[in-house]
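Scroll down for the structure; my scribbles are underneath it.
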Amino acid sequence: MNAAPGDITTELAARLRLTVARTARRLRQEAGSDLGPAQASALATIETHGPLAPSELAHRERIKRPTATRIVGSLERLGLIERVADPSDGRCSILSASAEGRALLRRLRARKTAYLAQRLRDLDPDDLAALERAAEVLERMLEQDPTAEQSARRGGRA
1456 MNAAPGDITT
1466 ELAARLRLTV
1476 ARTARRLRQE
1486 AGSDLGPAQA
1496 SALATIETHG
1506 PLAPSELAHR
1516 ERIKRPTATR
1526 IVGSLERLGL
1536 IERVADPSDG
1546 RCSILSASAE
1556 GRALLRRLRA
1566 RKTAYLAQRL
1576 RDLDPDDLAA
1586 LERAAEVLER
1596 MLEQDPTAEQ
1606 SARRGGRA
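So, in structure tokens, the structure goes:
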């Protein structure tokens, strides 16, 4: 790793970053969805925070508006979101998850949870306790981060 010799904080940060990324990738694979990570994240954000405008989606996802527009178009073509005119400004639209989109998110979350639960069942009690403590620490770190998104703290992602 690119940490200064003896800098355990930097080494741990790099290790956690890689482990979290690998875990997220593995969970996406286990979910068995044809949605890409950006689509799944946007759909979860729309479900959790919707109805919302495409500009709000871009802000919450920290993506550019043209990127949000492409993602919204793909989700709409798949029937996973619905777009209606904003009642206060007919030039704008409001996005919400469709029944099909909400059902897909429930299935994806259930598959991911089942995969993790099975992996946890294989661990000894000491490792389970260590992971429980680590989860608490990570949650606290996110809660103390002023830029952290509320939905991430509530587990609102796909």
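Quick note on numbering: the sequence shown equals residues 1456 to 1613 in our numbering. Glycine included, each C-beta is placed from N, C-alpha and C at the ideal position.
Euclidean distance between Cα positions of residue i and residue j
i, j, result
"Leu1535", "Leu1597", "29 Å"
"Ser1548", "Ser1488", "27 Å"
"Leu1471", "Arg1546", "44 Å"
"Leu1507", "Thr1464", "39 Å"
"Glu1594", "Ala1585", "14 Å"
"Thr1478", "Gly1556", "24 Å"
"Glu1591", "Val1475", "15 Å"
"Pro1496", "Gln1573", "For clarity, residue 1496 is Ser in the given sequence; the question names Pro instead. Whole-angstrom Cα-Cα distance: 24 Å."
"Arg1525", "Leu1482", "24 Å"
"Thr1568", "Asp1544", "40 Å"
"Ala1468", "Asp1462", "10 Å"
"Arg1564", "Lys1519", "26 Å"
"Thr1602", "Ala1493", "19 Å"
"Arg1515", "Pro1521", "14 Å"
"Asp1581", "Glu1537", "46 Å"
"Ser1606", "Glu1466", "In this prediction, Ser1606 scores a pLDDT of 42, lower than 50, which makes its location untrustworthy; the coordinate-derived value is nonetheless stated afterwards. Near 28 Å, if we compare the C-alpha coordinates of Glu1466 and Ser1606."
"Pro1533", "Gly1505", "Just to set this straight, residue 1533 is Leu in the shown sequence, not Pro. Answer to the nearest angstrom: the Cα atoms are 18 Å apart."
Start-to-end residues for the beta strand (DSSP E) that takes in residue i
i, result
"Ala1508", "Element bounds for Ala1508: n/a, residue is neither H nor E."
"Ser1548", "Asp1544 to Ala1552"
"Asp1489", "Neither: Asp1489 is in no beta strand (DSSP E) and is coded neither H nor E."
"Asp1600", "Run containing Asp1600: none; DSSP gives neither H nor E here."
"Asp1541", "Ile1536 to Asp1541"
Contact belief for residue i with residue j at Cβ below 8 Å, rounded distance in angstroms
i, j, result
"Arg1566", "Glu1485", "6 Å"
"Leu1512", "Thr1500", "6 Å"
"Pro1542", "Val1527", "Not a contact, Cβ separation roughly 19 Å."
"Leu1575", "Leu1583", "6 Å"
"Ala1552", "Leu1498", "6 Å"
Simplified DSSP assignment, three categories, for residue i
i, result
"Arg1564", "helix"
"Ile1518", "coil"
"Asp1579", "coil"
"Leu1559", "helix"
"Leu1530", "helix"
Proximity test, residue i beta-carbon vs the ligand SAM heavy atom, cut-off 7 Å
i, result
"His1514", "Absence of the ligand SAM from the depicted structure is noted, as is the absence of any ligand whatsoever, leaving it without description."
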